[in-house]
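Residue numbers (this note's numbering), protein chains in the order written: chain A, 1 to 169; chain B, 1001 to 1169; chain C, 2001 to 2169.
For each residue, glycine too, the CB sits at the ideal point set by N, CA and C.
Computed from a prediction, not measured in an experiment: that's the story for all the values here.
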Amino acid sequence: MTLVLGGARSGKSAHAEALVETSPAPWTYLATAQAWDDEMRERIALHRARRGEGWVTRDVPTELAAAIREVRGPVLVDCLTLWLTNLMLGGADLAAASEDLASACADAAGPLVLVSNEVGLGIVPDNALARAFRDAAGRLHQRLAREADRVVFLVAGLPMVVKPAGGHA
Amino acid sequence: MTLVLGGARSGKSAHAEALVETSPAPWTYLATAQAWDDEMRERIALHRARRGEGWVTRDVPTELAAAIREVRGPVLVDCLTLWLTNLMLGGADLAAASEDLASACADAAGPLVLVSNEVGLGIVPDNALARAFRDAAGRLHQRLAREADRVVFLVAGLPMVVKPAGGHA
Amino acid sequence: MTLVLGGARSGKSAHAEALVETSPAPWTYLATAQAWDDEMRERIALHRARRGEGWVTRDVPTELAAAIREVRGPVLVDCLTLWLTNLMLGGADLAAASEDLASACADAAGPLVLVSNEVGLGIVPDNALARAFRDAAGRLHQRLAREADRVVFLVAGLPMVVKPAGGHA
């Protein structure tokens, strides 16, 4: 299990796809994005176009833990930030959902790569919802990082190793 | 002296507490947070609840340099971002206060761990006060990092070493 | 070629200047800042004052690729974030300009150091222009990082190596 963190347009998805493709196909892409507007629709189409043969895409806006428990073979989850957004908009219990996700990840049968945006390194947002969101994202990242074999932080498309596989941070 | 930087909910406080607890108790916790509202009151209560026996908490919203000069034994300062906020709201000279703090840190008798939020990695804020704040925070971090024996940057609860103890960055 | 990334007031410019000054003078400073307001004028004056003898400053708000192709000797570009802002305000094609810049960098005769702000690690901005800007900045950083011999990420004035010279990331 690898957790891929980084900022906007830091190359997280491309890095994560390349990681998953080191295992034999078919690869399952668990997509959490929902096409609310044209900007999002375009972004989703671009991501799909980049992934080639061998990928099976499944839309999973909220039921991520269940999907990870079901799928066999290598899995890419892209991305946790949108999953958390979907849950928050739906009024879900974020702490419970995060715990359930971590437990599904721990049980995953095959290689699993999770992508998420680091959103907590700017000025404190004015907006209480945005503050609650970045708190939930930070807690989720900490929880999954404990479970993960490897954590990388992407800067300009390049991975900085935060938790090395088989090593100690 | 260790400087612990990182984003919101990146595990800075827990990491810093564990560092201080490697020295023999009693440990002094210099708390800069002021309970302006319920969100803050809850956050402070959660932090206090996590710290166990052996900790002495002292509220120091602004007079941090004096407190560091007085205390004997291991000290945790949590956090510099709120200290800077308190000073800014009080109209203090941030450059002078930062210099005074750095000099108090250099003179500290025992182990000293300082926690601060990295806030300069988002889009430039619209708000002039927020820009001034992140400039002051960035300058303070640079100043203290020069003084520190060790600087770590927390990502998802895991420390990335920015300045290794006894080494060169 | 070195790409120096980091947040606001993270010590990027001072680090980049020191890098360039390891080569023999004269050093060319390609300044992209435009003095729109007093805050900016003051910032520019401070930066100029810090640079000593041996520096030749040239204002290049937008025609950066051409300037890099012309100059002989060591060059510092400070900073790409403002260059991108200037281009965006002028309605330029950011993808084409980024590609042209990367190609000019690849052809640079002498040592070249480029400074840019990491802006993608905060909460998603409300503002569509800000989102487009951080996407363009992220893509530019990825493109230049592929070309660069070395990429560093500054935290509190200290460089974390993202891409080591002559090594693999």
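Residues sharing a beta bridge with residue i, DSSP
i, result
"A/Pro159", "A/Leu154"
"C/Leu2170", "With chain C running from 2001 to 2169 in the structure shown, residue 2170 of chain C is simply not present."
"C/Val2020", "Per DSSP, none; premise fails for C/Val2020."
"C/Ala2031", "C/Asp2059 and C/Asp2078"
"A/Val4", "A/Val115 and A/Val152"
Residue i versus the options, residue with shortest Cα-Cα distance
i, options, result
"B/Ala1008", "B/Thr1081, B/Gly1110, B/Leu1089 and B/Val1124", "B/Thr1081"
"C/Val2071", "C/Leu2030, C/Glu2039 and C/Glu2021", "C/Leu2030"
"A/Thr2", "A/Ser116, A/Gly138 and A/Gly157", "A/Ser116"
"C/Gly2052", "C/Val2152, C/Cys2105, C/Pro2125 and C/Glu2017", "C/Glu2017"
"B/Ser1103", "B/Ala1145, B/Ala1132 and B/Glu1118", "B/Ala1145"
"B/Gly1054", "B/Glu1042, B/Ala1067 and B/Gly1073", "B/Gly1073"
"C/Ala2108", "C/Met2088, C/Asp2149 and C/Ala2132", "C/Asp2149"
"A/Arg131", "A/Val151, A/Pro26, A/Thr85 and A/Gly166", "A/Thr85"
"B/Arg1043", "B/Val1151, B/Leu1089, B/Ser1013 and B/Ala1165", "B/Ser1013"
"A/Asp78", "A/His15, A/Ala96, A/Gly90 and A/Ala92", "A/His15"
"B/Gly1006", "B/Gly1166, B/Ala1165, B/Pro1164 and B/Val1151", "B/Val1151"
"B/Gly1138", "B/Glu1118, B/Asp1126 and B/Asn1127", "B/Glu1118"
Neighbouring residues, chain B, relative to residue i (Cβ below 9 angstroms)
i, result
"A/Glu118", "Gly1007, Ser1010, Leu1121, Val1155 and Ala1156"
Neighbouring residues, chain A, relative to residue i (Cβ below 7 angstroms)
i, result
"C/Asp2135", "Ala8 and Arg9"
Per-residue contacts from residue i into chain B (C-beta, under 7 angstroms)
i, result
"A/Val162", "Val1155, Ala1156, Leu1158 and Met1160"
Where residue i meets chain C, residues with beta-carbon distance less than 8 angstroms
i, result
"A/Pro111", "Correct list: empty, because the minimum Cβ distance to chain C is about 21 angstroms."
Proximity of residue i and residue j at Cβ, strictly below 8 angstroms
i, j, result
"A/Pro111", "A/Ser23", "yes"
"A/Ser98", "A/Leu140", "yes"
"A/Trp36", "A/Thr62", "no"
"C/Arg2058", "C/Thr2028", "yes"
"C/Leu2101", "C/Leu2064", "yes"
"C/Leu2154", "C/Val2056", "no"
"B/Ala1033", "B/Leu1094", "no"
"B/Arg1134", "B/Gly1120", "yes"
"B/Gly1011", "C/Gly2122", "no"
"B/Val1060", "B/Ala1067", "yes"
"A/Val124", "B/Ala1156", "no"
"C/Glu2039", "C/Ala2106", "no"
"B/Leu1046", "B/Val1113", "no"
Chain-ordered neighbours of residue i on chain A, where CB pairs are closer than 8 angstroms
i, result
"C/Leu2003", "Ala156"
Amino acids of chain C, ordered along the chain, whose beta-carbon sits closer than 9 angstroms to that of residue i
i, result
"A/Ala132", "Neighbours of A/Ala132 on chain C: none; closest Cβ ~11 angstroms, over 9 angstroms."
"A/Pro125", "Gly2122 and Ile2123"
Could you list the residues in the segment 1063 to 1079 of chain B with a C-beta less than 8 angstroms from some C-beta on chain C, going in chain order?
Answer in chain order: no residues at all.
Taking any Cβ of chain A, which residues in the segment 2139 to 2153 of chain C have a Cβ under 8 angstroms from it, in chain order?
Listed in sequence order: Arg2139, His2141, Gln2142, Leu2144, Ala2145, Arg2146, Val2151 and Phe2153.
Could you list the residues in the segment 2043 to 2065 of chain C with a C-beta less than 8 angstroms from some C-beta on chain B, going in chain order?
Residues passing the 8 angstroms Cβ filter: none.
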